[in-house]
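Note that full-length UniProt numbering gives residue 139 to position 139 of the sequence shown, counting from 1, and the numbers run on in steps of one.
In this text, a Cβ means the ideal position worked out from N, Cα and C, and glycines have one as well.
Values in this document were obtained by computation on a predicted structure and should not be read as measured data.
Since the structure comes first, as structure tokens, the remarks are kept for the end.
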Amino acid sequence: MAGRHAADSSRERTLALTILGVGSLIVVLSLFGGVWLVRAGAILAVGMAFAAVFVAWSELRRERAEHQTEVRRQIALRKEQAQKHHADSVEMIERFNGRAEKLQQVIESLRRQLGAANSELSSMRGNAVWLRSEVAERQARIDALQTRITELEAELEESIAEATENVVELPRPAQAPAEDLWGEDEDPTMVDLGRMSAIVRKEQLRKQA
1 MAGRHAADSS
11 RERTLALTIL
21 GVGSLIVVLS
31 LFGGVWLVRA
41 GAILAVGMAF
51 AAVFVAWSEL
61 RRERAEHQTE
71 VRRQIALRKE
81 QAQKHHADSV
91 EMIERFNGRA
101 EKLQQVIESL
111 RRQLGAANSE
121 LSSMRGNAVW
131 LRSEVAERQA
141 RIDALQTRIT
151 ELEAELEESI
161 AEATENVVEL
171 PRPAQAPAED
181 LWGEDEDPTM
191 VDLGRMSAIV
201 RKEQLRKQA
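Structure below.
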């Protein structure tokens, strides 16, 4: 388009310059002739001038038409580009809105999960407090039972000691020689009870001493 426009402009400019050059040459040559030749040269020069003006006006009209065409083409091109840009922008906005909606759904899901986790955490904390109180209560019971066991063991030892103090140790059977129990002329099957009693008393006195 630019090459064609330059070629047309160059051709019309060449034509206008040619007309002006030829008219000027004719006017100059007519000066050397008679009156009628001068008049004819003047008329021809005026005609050439009109022709040059016509060619210039034609070139101007064509330039204006081409300029308007170019302007309309540029406007249409820019309008098309603007529409394309608008469509791309709308598509991009819709894509971003879709991503934003998905992100919003993810955020809502995470918020619900966070709420459930906080509720579970609060419940677990309550259970931990209850378990600590239960453990403390059971530990108190264990301590009380251990104290009671210690007291019962002390009472048992005291009772055993008291029972042991009231027990009377029986004397051991007397082990006296056979010559003390039986005489020389006595039968071993016949026991002298008096001698045996004396031996038992002697053994008890020895133990008490």
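Within-7 Å CB hit, residue i to chain B
i, result
"Ala82", "This model lacks chain B altogether, as it is built from one protein chain only."
Environment of residue i [buried if 16+ CB atoms lie within 10 Å]
i, result
"Gly23", "buried"
"Met48", "buried"
"Leu17", "exposed"
"Leu170", "Because the pLDDT at Leu170 is just 48, under 50, the model does not fix this residue reliably, and the value given afterwards should be weighed accordingly. Exposed: under 16 other Cβ atoms inside 10 Å."
Contact check, residue i vs residue j, beta carbons under 7 Å
i, j, result
"residue 211", "Ala52", "The requested residue 211 does not occur in the structure, where the chain is confined to residues 1 to 209."
"Ile26", "Leu44", "yes"
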